[in-house]
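Notes to accompany the following structure.
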Amino acid sequence: MPLSDSWDAAATARSPTSAGSCRLEEPRISPSRNRSGARDHPHIVRLYGFGPVEDNFLLALEHARHGDLESYVFEGEDYMDKKEARAFYGQLLRGIHFLHSRRVAHLDIKPKNILVMSKDYCRITDFGVSAPMTEDGLCGPAGTRAWQPLSTAASRVNGMWQDLWSAALTYVFMVIADIPWTSTSPENVQYGWFRKGLIFRHGSDGWARFQGWDEYCLLQRLLHHHPERRLVPAGYCDKLKDSFAGIP
Numbered sequence: 001m002p003l004s005d006s007w008d009a010a011a012t013a014r015s016p017t018s019a020g021s022c023r024l025e026e027p028r029i030s031p032s033r034n035r036s037g038a039r040d041h042p043h044i045v046r047l048y049g050f051g052p053v054e055d056n057f058l059l060a061l062e063h064a065r066h067g068d069l070e071s072y073v074f075e076g077e078d079y080m081d082k083k084e085a086r087a088f089y090g091q092l093l094r095g096i097h098f099l100h101s102r103r104v105a106h107l108d109i110k111p112k113n114i115l116v117m118s119k120d121y122c123r124i125t126d127f128g129v130s131a132p133m134t135e136d137g138l139c140g141p142a143g144t145r146a147w148q149p150l151s152t153a154a155s156r157v158n159g160m161w162q163d164l165w166s167a168a169l170t171y172v173f174m175v176i177a178d179i180p181w182t183s184t185s186p187e188n189v190q191y192g193w194f195r196k197g198l199i200f201r202h203g204s205d206g207w208a209r210f211q212g213w214d215e216y217c218l219l220q221r222l223l224h225h226h227p228e229r230r231l232v233p234a235g236y237c238d239k240l241k242d243s244f245a246g247i248p
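Going by the working numbering, 40 is the number at position 40 of the sequence shown; the sequence numbering is gapless.
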C-alpha cells in the first residue's frame, strides 16, 4: 500500500498534501521513537515513517476513521453499547499485555490515546511517556492525572498496575460517557463517592448503567486503591490466579 494512501499526520497542523519537501524515512519503527518494538500487533497503532517539517516533527500513522475514543464517545448520539465497550476493553487489555510482555509500560492509557479504527476495533497510540519496567513490572509514575491510580512517586507501584487501572477506568468512561473523576486524591468528591459506594446515588446519570451491587463490586476490585488487591481482568492474560470471566 502506498504510504500516501494509508497515513495520518500527527504532531503537526499541516496536511499530507501541504507537507512540501518533507522527506519521510523509510517506513519503519525506530526504537527511540516507539519503545513497544511493535509494528503489526492488532491493537497497537502502526507507525509508517517520520521526519521533520519545518519547525515540527511529523509522524506518519495509519488512518483512524473514527478518531480517538474520547471524541467517539462524546460525539455519539447515545451511550456506548456495553457490549461494544467490553469488546474495546478486551482489545485494550490485549494490547497492554503485549507491551508488558516486552517490559514496556505505556503510562498514559486514556480515551484520547486510543484510536477507533472501526466500530468494533481500536488501537493504542501515543508512547510519549512510555518507560521500561523492572522484572516485577514496575516503574516510576507518569501520564495524565485523571487516569492515574492512587499512588506516590516514591512507591514505584506503577508500571503494569497503572496501565491496568487506566484501562479499567477507560472502560468505565465508555459506559457512563463521562470522565469518572479528575484525580484519585482523597479530596476528590467523585472518587470519594466511588470508594464509599455512593457513586450511583450522587454521580452522573451514566453510572446507573452498571446495574446492581455485583457490578459495582467488580469495578471496586478493578479499581482498588491497593495494587496488591487489585483484580487482574481475564482479558489481560491466559493464566491468572485471581480473575473473573465476565466484565460488568
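For glycine and all other residues, C-beta sits at the position ideal for the given N, C-alpha and C.
Exposed is the label assigned to T182, since fewer than 16 other Cβ atoms lie within 10 Å of its Cβ. In the DSSP assignment, P52 forms a beta bridge with F57. Ranked by Cα distance from Q220, the first of S101, G197, D55 is G197. The segment 170-179 makes contact with the segment 72-92, as at least three CB pairs between them are under 8 Å.
Note that the C-beta distance between L58 and G67 is not below 8 Å.
Taking the Cα of R46 as reference, the smallest distance to any Cα among D55, E62, S118 is reached at E62. Beta-bridge partners assigned by DSSP to C122: V116.
Burial check for R102: the Cβ neighbour count within 10 Å stays below 16, so the residue is exposed. Taking Q162 as reference, the option from W207, S130, Q190 with the minimal CA-CA separation is S130.
In this model, I199 and N188 are separated by some 12 Å (Cα to Cα).
Just measuring C-alpha positions, the residue of G159, R86, Q211, V116 sitting nearest R65 is V116. Between A60 and L107, the gap from beta carbon to beta carbon reaches 8 Å or more. In the structure shown, V45 falls within a coil segment according to DSSP collapsed to helix, strand and coil. Straight across, the Cα-Cα distance linking H224 with F127 is about 25 Å. Scanning the segment 151-196 from its first residue to its last, the whole alpha helix (DSSP H) runs of 4-plus residues come out as 160-176, 189-196. H97: member of the alpha helix (DSSP H) spanning 82-101, first to last residue.
Taking all protein chains shown into account, G49 has 16 or more neighbouring C-beta atoms within 10 Å of its C-beta and is therefore buried. The beta carbons of I44 and I124 sit closer together than 8 Å.
Relative to the Cα of P149, the nearest Cα in the group E135, L169, P132 belongs to L169. For F200, the enclosing alpha helix (DSSP H) stretches over residues 199-202.
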